[in-house]
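There are 2 protein chains.
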Amino acid sequence: MAVLEDRGHRSTAPRRAIIRFLQGKQEGFTAEEIGRELPDVGRATIFRTVKLLLKAGVICRLNLPDGAPKYSLSRVEHHHHTVCVRCGNVGEFRAATIERLMRAIGGDIPGEAVGHRIELHIICNQCLLEADSR
Amino acid sequence: MAVLEDRGHRSTAPRRAIIRFLQGKQEGFTAEEIGRELPDVGRATIFRTVKLLLKAGVICRLNLPDGAPKYSLSRVEHHHHTVCVRCGNVGEFRAATIERLMRAIGGDIPGEAVGHRIELHIICNQCLLEADSR
DNA sequence: CGAGATACCGATACTCAGTATCAATGAACC
DNA sequence: GGTTCATTGATACTGAGTATCGGTATCTCG
Chain E
958 MAVLEDRGHR STAPRRAIIR FLQGKQEGFT AEEIGRELPD VGRATIFRTV
1008 KLLLKAGVIC RLNLPDGAPK YSLSRVEHHH HTVCVRCGNV GEFRAATIER
1058 LMRAIGGDIP GEAVGHRIEL HIICNQCLLE ADSR
Chain Z
958 MAVLEDRGHR STAPRRAIIR FLQGKQEGFT AEEIGRELPD VGRATIFRTV
1008 KLLLKAGVIC RLNLPDGAPK YSLSRVEHHH HTVCVRCGNV GEFRAATIER
1058 LMRAIGGDIP GEAVGHRIEL HIICNQCLLE ADSR
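Order-wise, the sequence lines are chains E and Z.
Heads up: take any position in the first sequence, counting from 1, add 957, and you land on the numbering used here.
Heads up: take any position in the second sequence, counting from 1, add 957, and you land on the numbering used here.
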């Protein structure tokens, strides 16, 4: 909640509103969605705040398989995302094995490895159910 | 070369020009870059052709860490990308270990795994050199 | 080869995510 | 309470990609 103050930013009404809105969010969200939910907050401010939260590590950005941008709360520090190729819902997962493996691969590749990003494309349970019942 | 004809598309001058241009490309490229190189080809046609080549599997789309879109030739069927966080150049790699691991993780996660995408963020050798010499 | 159907073209106008600008406001700190 | 300066919203812009549409070129078939 005091993520921004901790980083030397001011606590303003729009910022509080955005953070409060995101607090409940289980699924990923788009910037446009925030705007729809908080019509009193200017568009620019939404993007500015999203950027701050990104830098603070509170949320993270990912792309759906078609490239559409989406954000999600970072519940755990280092993690990766599952994204449903049907409905676009995103989830998180961690796997220590991956981290070890990526470090090993980083050593085999020219240049210095500084990080990675992994997206697991799935069809989520709900979409599977809907497909069945059709 | 006859990728498009093989899929029932027509062989037209703009398409041939784009494919010929991409043939040489080692690094990743953007749509805008194609347009700069082939000013006689309309913008819409570039995006249309890029989309066809994507569907045909000839090229693939990826995002730089900041979300900027980029394309790269698919030299091998299933592969992943390294992207330099300094200069944005992209490379390819494969690692059978990853594929096995991702399949295992897919089994542990609710829903049906259908694919994945992995980006390894690096600082490429050239950027390392430049950083040293400064 | 000639002709017709239609896939494809370029120009243009649009959408969508995100950024730049700028005058007005309101946190923070004294 | 007053001052400073980060922040705001409005607005205009950029960059990637899509929709539309009248005109053109490719493919196919006779």
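Glycine included, each C-beta is placed from N, C-alpha and C at the ideal position.
Going by C-alpha positions, Z/G1014 is about 37 Å away from E/I1003. Interface annotation for the stretch 1008 to 1030 of chain E against chain Z: R1018, N1020, G1024, P1026, criterion Cβ-Cβ distance under 7 Å. For E/L1085, the closest Cβ of chain Z is nearer than 8 Å. Secondary structure of Z/K1012 (DSSP, three-state): helix. Taking each of E/A1061, E/H1078, E/G1068 in turn and checking the Cα distance to E/F1050, the smallest one comes out for E/H1078. DSSP places E/V1071 outside any alpha helix (DSSP H); the residue lies instead in the beta strand (DSSP E), whose first and last residues are 1069 to 1080. A Cβ-Cβ separation of about 5 Å places Z/E1076 in contact with Z/H1038 under the 8 Å criterion.
Residues of chain Z with a Cβ closer than 9 Å to the Cβ of E/A1070 are, in chain order, T1039, L1077, H1078, I1079, I1080. Between Z/V1071 and E/I1080, the C-beta gap is smaller than 8 Å, which places the two residues in contact. Between E/R1018 and E/Y1028, the C-beta gap is smaller than 8 Å, which places the two residues in contact. Contacts between E/V1042 and chain Z, judged by CB atoms closer than 8 Å, involve V1071, G1072 in chain order.
Z/G1063 reaches chain E at L1077, I1079, counting residues in chain order whose Cβ is nearer than 8 Å. For Z/S1031, the closest alpha carbon among the candidates Z/I1016, Z/A1025, Z/G1045 is that of Z/I1016. The Cβ of E/T1054 sits closer than 8 Å to at least one Cβ of chain Z. Not one beta carbon of chain E lies nearer than 8 Å to the beta carbon of Z/F986. Unbroken beta strand (DSSP E) runs of no fewer than 3 residues, entirely contained in the stretch 1022 to 1058 of chain Z, are found at 1026 to 1030, 1037 to 1041, 1047 to 1050, following chain order. From the beta-carbon of E/P996, no residue of chain Z is found nearer than 9 Å; the closest lies around 25 Å away. In the DSSP secondary-structure assignment, Z/C1084 is not bridged to any residue. Going by DSSP, E/E962 is part of the alpha helix (DSSP H) stretching over 960 to 963. Counting of Cβ neighbours within 10 angstroms places Z/H1073 among the buried residues, the total reaching 16 or more. DSSP places Z/R1018 in the strand class (E or B) of the three-state scheme. A check of alpha carbon separations from Z/G965 across Z/N1046, Z/G1064, Z/A1001, Z/K1012 identifies Z/K1012 as the nearest. A distance below 8 Å separates the beta carbons of E/C1041 and Z/G1068. Excluding its 5 nearest sequence neighbours in each direction, E/K982 has C-beta neighbours in its own chain below 7 Å: L1030, listed in chain order. Per DSSP, the unbroken alpha helix (DSSP H) holding E/E994 starts and ends at 988 to 994. Rounded to whole angstroms, the gap between the alpha carbons of Z/L961 and Z/S968 is 7 Å.
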